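Protein sequences appear in the order of chains L and B.
Here numbering that gives the first Met the number 0 is used: position 90 in the first sequence is 89, and no number is missing along the way.
Here numbering that gives the first Met the number 0 is used: position 443 in the second sequence is 442, and no number is missing along the way.
Beta carbons: idealized from backbone N, C-alpha and C, even for Gly.
As the structure is a computational prediction, the values presented were derived from the model and not from experiment.
Protein chains: 2
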Amino acid sequence: MPLPVACDPWALETLTSYVRIPSVSAQGRGIDESCEFLSRTFAGLGFRVERIATAGHPVLLAERVAPGARRSIVFYNHYDVQPPEPLELWSSPPFETVVRDGRIWGRGVADNKANLIVRLAAVRDLLARRPDLPVTLRFLVEGEEEIGSPNLGAFVATHLHRFRSDLCIWENGARTLDGRLELILGCKGVLHLELALHSLGADQHSSRGAILPSAPWRLVWVLAGLKDADERVRIQGFYDPVRATTPADREVLAQIPFDEAALRAQYGARGWLGGRTGIDLRHRLFCEPAVNINGLTSGYQGKGNKTVLPSSASAKLDVRLVPDQTPEGVRSLLRGHLDRSGFPDVEITHAQGYPPARTPVDHPIIRRVARAAEAATGKTPVPIPMMPASGPMYLFADHMPLVGVGTGNPDSRAHAPDENITVEDFRLGQEVIVHLLEEMAGD
Amino acid sequence: MPLPVACDPWALETLTSYVRIPSVSAQGRGIDESCEFLSRTFAGLGFRVERIATAGHPVLLAERVAPGARRSIVFYNHYDVQPPEPLELWSSPPFETVVRDGRIWGRGVADNKANLIVRLAAVRDLLARRPDLPVTLRFLVEGEEEIGSPNLGAFVATHLHRFRSDLCIWENGARTLDGRLELILGCKGVLHLELALHSLGADQHSSRGAILPSAPWRLVWVLAGLKDADERVRIQGFYDPVRATTPADREVLAQIPFDEAALRAQYGARGWLGGRTGIDLRHRLFCEPAVNINGLTSGYQGKGNKTVLPSSASAKLDVRLVPDQTPEGVRSLLRGHLDRSGFPDVEITHAQGYPPARTPVDHPIIRRVARAAEAATGKTPVPIPMMPASGPMYLFADHMPLVGVGTGNPDSRAHAPDENITVEDFRLGQEVIVHLLEEMAGD
């Protein structure tokens, strides 16, 4: 395979070996092999590595303590990937790294094997020049991210003291269409739940709907009572814990590239919710909580009509949370709201979720990350206050400043066939970390 | 088969032959055979019979004109029955009439072969004694009731002048648990429809729900705008055509046996809609319109959760109508309501239905029916202002007074295995018609 000009040969070679390991956590494949490969690689760079057992797949903790370190940094990554299926949709074998058309293709390159490799390559590169770099380096690599990190919470609770640092670099990130690095400063939390109503012993002829309680009607009223067409959530106290947006937040929101016309066309939407636009629209996407209906079900859903009065009805919801809302807090407010508003019989089931995670955009250490990103790319980076989606970022962000910066692009196809990153992002990713480690070493 | 003491041998013999014909309209079986059998029977009783072709199964029109008739009466029946399946759940072969435990068993005995036979037996019985009975007798027997009477409207439009009478006796009826004959004076109308919403080109990740329109939320608001928890329909003008309830109506409502505690337990309901009770509860069931949700569907409905923002949502509804509401009128009011309330994009599809049908409880000819019922049973009958369910009764009731009185019982199992009537109801049914014909012949 001819090497692209700008690429670090060690980085591409290491990535190729790493991608070859089919570390599909959902299928329990390649777990040991991944741990062994990474342990060797860390050791080769002078790290002390420990493979720590969990109730699931092991976590690797690698550390290189710098005597007289000015600061410490921890990188969170995961060695597992999504299943490669459907195989027939791949242009090249998923577990072989292929360089073609300015991109690197293979399962896991974007999510998130290349991210780990560029970080290691940056460490290798910089330590070769500055072996006395006054930064303590830590890597935490888990093996269950793609199956929901079921054991990460317990791991963090036990081992936090071993990896807590001045900064956590999250697993991934991307460049915008105009080539600026995103700095992901957190993610919204989420509360998944189901609301279920049972009003009768069995379905009845709908003519009885004149006198019998109707589960679907009651569900409609419950939901309409949660949020009206003004899009304001009506659960008492819902907004109370929400941190106020700062002028610095509004400033970064203004910087986020967001082509409203193009996105609306792509979504096939008539307009944005509540007619918002500009910074107000981005504020809603990146900074505000939301209540979503994922599914509604009741009664007859087949062809034609059926004169049935359904005995039950249910809705699946997700509530997107922002600091300092919590899944438990919102669940408890919702229970109170239902009880007070005449729906004590509505069951809340399948409630689970994550709290939100967020590092302030004007945190001093984030300024160092921004300077590193600008030094590497020549362009002002784009801080994203919170990703609209949710994940277990809070496990780290609750304890240290956190930022996601990485090698993705808008067409990286994470989780899909033909997953890829660009060669340029692979090169840049390494350079960003070199600059960042220098920033961490500075005054 | 030993004859039960009180039974008219001709009636039981004729019913047995009639039940033997497997006249399943859904399967196109026994149609010709039914027409031939009934034509012979009518002719044997001195009727002029015509078999009239329709776009589906033929309609039989039988008439016996009485010179110098005081009044005329038309009986509506159907010769078709529901399919007998599942056969294994029958205690005896469905197309054999079996007398056992004081009941007559067989497919169609309750719905509605025995009803036709007792009417014919009454005519036969009375004419033997009063050949000059001054009442013109008509029978209309269709063959598609069990598949929704798709050609009955066109038939009535063309042939009404040939059977329009002073009174129409509808196909069926029943006795209450305390042995009183129900007089069914009409039925509610119905408008079936589906409300459908499409808000996006495709489903999206639910994190986008913060800024993108949500089809299920909009559906919730549309429905909540149709009816609030106070159970009052909010479509402007919906109640305007509703005829006021008369003191006579309230009097008959008070007479309807309705064991609220037993029924609530049977339905497994915590309470009645809006906390109604007594006459107010019966008024809602028998005299008021209602909007029912038959089904709700949107997004993910499987196990666990899925973070999806559904692109579409829909609801199946039926609106139960009372005089003088019409399906077309309510559909048009609903369209206007949606357009005015910010939901012009909500589609109304699959709209179809029947208008309501109702003969006033204090109509003079209904008093004759009530006297006949009382004379036969020794008990005050129970007028039912309107059945809560719907059917094509309006085709007749719009043109003449109409009442349903028949041989059913609360456990007749129409449409189900082990369909039956009681021997006593079979005897009584004949006697009621004898008395009724005498009433029709009186001053």
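{"Query": "Residue 190/B to residue 298/L span [Cα, whole Å]", "Result": "18 Å"}
{"Query": "Element boundaries [alpha helix (DSSP H), containing residue 6/L]", "Result": "Element bounds for residue 6/L: n/a, residue is neither H nor E."}
{"Query": "Element boundaries [beta strand (DSSP E), containing residue 183/L]", "Result": "181 to 183"}
{"Query": "Residues of its chain near residue 155/L, where Cβ-Cβ distance is below 6 Å and the 5 sequence neighbours each way are ignored", "Result": "394"}
{"Query": "Classification of residue 327/L by the beta-carbon crowding that lies within 10 angstroms, buried from 16 upward", "Result": "exposed"}
{"Query": "Extent of the continuous alpha helix (DSSP H) to which residue 68/B belongs", "Result": "Looking at the DSSP string, residue 68/B is not in any alpha helix (DSSP H), and its letter there is neither H nor E."}
{"Query": "When 26/L, 52/L, 121/L are compared against residue 9/L, the one with the closest alpha-carbon", "Result": "121/L"}
{"Query": "Partners in chain B for residue 349/L, counting only beta-carbon separations shorter than 8 Å", "Result": "303, 304"}
{"Query": "Whole-angstrom distance between residue 219/B and residue 222/L, CA atom to CA atom", "Result": "7 Å"}
{"Query": "Contact test: residue 363/L Cβ vs the ligand COA heavy atom, cutoff 7 Å", "Result": "Looking at this structure, you won't find the ligand COA or any other ligand, since it has none at all."}
{"Query": "Minimum length 3: unbroken beta strand (DSSP E) runs contained in the segment 120 to 190 of chain B", "Result": "134 to 141, 166 to 169, 181 to 183"}
{"Query": "Host alpha helix (DSSP H) of residue 369/B (start-end)", "Result": "363 to 376"}
{"Query": "Residue 348/B, DSSP secondary structure in three states", "Result": "strand"}
{"Query": "Cutoff 8 Å: residue 226/L Cβ touching any chain B Cβ", "Result": "yes"}
{"Query": "Cβ-based burial, residue 379/L [other Cβ within 10 Å; buried from 16]", "Result": "exposed"}
{"Query": "Inter-stretch contact (C-beta, 8 Å, three-pair minimum) for the segment 349 to 365 of chain B and the segment 178 to 192 of chain B", "Result": "yes"}
{"Query": "Pairwise C-alpha distance: residue 202/B and residue 288/B", "Result": "37 Å"}
{"Query": "Beta-carbon proximity check, residue 472/L vs residue 209/L, cutoff 8 Å", "Result": "This structure gives no information on residue 472/L, because the portion of chain L shown stretches from 0 to 442."}
{"Query": "Secondary structure of residue 305/L, DSSP reduced to three states", "Result": "coil"}
{"Query": "Delimiting residues of the beta strand (DSSP E) encompassing residue 102/B", "Result": "102 to 104"}
{"Query": "C-beta atoms of residue 306/L and residue 389/L nearer than 8 Å", "Result": "no"}
{"Query": "Beta-bridge partners of residue 293/B, as assigned by DSSP", "Result": "None, per the DSSP bridge assignment."}
{"Query": "CA-to-CA distance, residue 135/B to residue 69/B, given in whole angstroms", "Result": "8 Å"}
{"Query": "Three CB pairs or more closer than 8 Å across the segment 367 to 376 of chain L and the segment 246 to 255 of chain L", "Result": "no"}
{"Query": "Where the beta strand (DSSP E) containing residue 225/L begins and where it ends", "Result": "Note, residue 225/L: premise wrong, no beta strand (DSSP E); alpha helix (DSSP H) at 214 to 225."}
{"Query": "Outcome for residue 387/L when other beta-carbon atoms lying within 10 angstroms are tallied against a minimum of 16", "Result": "buried"}
{"Query": "Reduced DSSP secondary structure (H/G/I, E/B, other) of residue 54/L", "Result": "coil"}
{"Query": "Entirely enclosed beta strand (DSSP E) segments - the segment 379 to 418 of chain L, minimum 3 residues", "Result": "381 to 383, 401 to 403"}
{"Query": "Distance between residue 174/B and residue 406/B (C-alpha atoms, nearest Å)", "Result": "7 Å"}
{"Query": "Alpha-carbon spacing of residue 358/L relative to residue 364/L, whole angstroms", "Result": "10 Å"}
{"Query": "Residue 203/B - DSSP class collapsed to helix/strand/coil", "Result": "strand"}
{"Query": "Minimum Cβ-Cβ distance from residue 245/L to chain B less than 8 Å", "Result": "no"}
{"Query": "Given 8 Å, three or more beta-carbon pairs between the segment 98 to 109 of chain B and the segment 42 to 60 of chain B", "Result": "no"}
{"Query": "Residue-level contact to chain L via CB, residue 170/B, 8 Å cutoff", "Result": "no"}
{"Query": "Whole-number beta carbon distance between residue 403/B and residue 172/B, since they are thought to touch under 8 Å", "Result": "4 Å"}
{"Query": "Beta-carbon proximity list for residue 93/L, same chain, < 6 Å, skipping 5 on both sides", "Result": "83, 106"}
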